[in-house]
Amino acid sequence: MGYVGSGTDQPLLLRLRILPRPYTFTVDWRYEPAPRPQDIPGRCIQLGNTGGLPDGVALFIPMTYVSSYALRRGFGLSFSYQIPTILNAASICGRILAGWWGDQFGAFNSHILASILCCTSCLAIWLPAGSSLAGLVVFVTMFGFGSGSHMSMNPVCIGKLCGIKNYGRYWATSCTVASFAGLIGVPLGGQLISGAGGEYWSAIVFAGCLYGACGVTMYAAKGKCVGWKPWVLF
64 MGYVGSGTDQ PLLLRLRILP RPYTFTVDWR YEPAPRPQDI PGRCIQLGNT GGLPDGVALF
124 IPMTYVSSYA LRRGFGLSFS YQIPTILNAA SICGRILAGW WGDQFGAFNS HILASILCCT
184 SCLAIWLPAG SSLAGLVVFV TMFGFGSGSH MSMNPVCIGK LCGIKNYGRY WATSCTVASF
244 AGLIGVPLGG QLISGAGGEY WSAIVFAGCL YGACGVTMYA AKGKCVGWKP WVLF
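The opening residue of the sequence shown carries number 64 in the working numbering; numbering runs sequentially from there.
Here you go:
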């Protein structure tokens, strides 16, 4: 009912910020042509969209396989299927706080830190300590918080790379890249687990390295835009 009410009330409460184009029956190809990638200063937008590729692949691997991982490690059925609830609860906190620390430290800086947090949680906690109850709970909490913040900062980072009139096309491009990446993440994770004889270490390392690659790519996008000093707010 909440979604129905939201979808019904939102159109009545919205106010236009940009007037729509006048409707005509002609097509003017000279009207605000789409910028070519090479025309975008510093090629920041390409790097920003490229960062969505490893992010999209890596995101669903822990979310999909952490319950089956817990079952294989001997945890009970009830607890194994409660793990996604813990992950999602931490993700809510990450999504809520992402706006605050994005304002304080910069959207790109927050995105990079979230990538580091996800990478660290996979490689430094899940891989060596996931067999213990405490280690698994700490992992899903850290990963949920980091991935939630990560997802909330994606549209903000894209918005910093373009004007508001071009935001729709650039955000749509980023979502398209991430959607195709999301389609291949889970099958790749399954193949890695099967190839390792049912063990999960290869999928864990793969997801952690992808988040590391995402952080490096977003730092490169930031460096192209405002310089390579890590403490610059952007």
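All C-beta atoms, glycine included, are put in the ideal place defined by N, C-alpha and C.
For clarity, every value in this text was computed on a predicted model and none was experimentally measured.
Drop a sphere of 10 angstroms on the beta-carbon of residue i, count the other beta-carbons inside from all chains shown, and report buried for 16 or more, exposed for fewer.
i, result
"W291", "exposed"
"L196", "exposed"
"I159", "exposed"
"L280", "Per the sequence shown, the amino acid found at residue 280 is Thr instead of Leu. It counts as buried."
"I227", "exposed"
"P125", "buried"
"G137", "exposed"
"D118", "buried"
"L76", "exposed"
Let me check understanding here. Comparing Cα to Cα, which of the options lies closest to residue i?
i, options, result
"L251", "F123, T71, L76, G286", "F123"
"S154", "G211, K223, G139", "G211"
"I188", "F297, A152, V200", "V200"
"V219", "S173, G207, A259", "S173"
"V120", "C288, V295, F243, A283", "F243"
"M214", "P74, L224, N151", "N151"
"G339", "S194, I175, F171", "Any property of residue 339 remains undetermined from this structure, which presents the chain solely from 64 to 297."
Since residue i and residue j should fall inside the 8 Å C-beta cutoff, what is the C-beta to C-beta distance between them, to a whole number of angstroms?
i, j, result
"G278", "C182", "7 Å"
"C185", "G271", "3 Å"
Compute the distance between the beta-carbons of residue i and residue j, then report whether it is under 8 Å.
i, j, result
"M205", "G165", "no"
"A161", "I146", "no"
"G115", "F297", "no"
"Y144", "I256", "no"
"Y274", "S130", "no"
"I247", "S237", "no"
"L190", "W294", "no"
"I267", "G207", "no"
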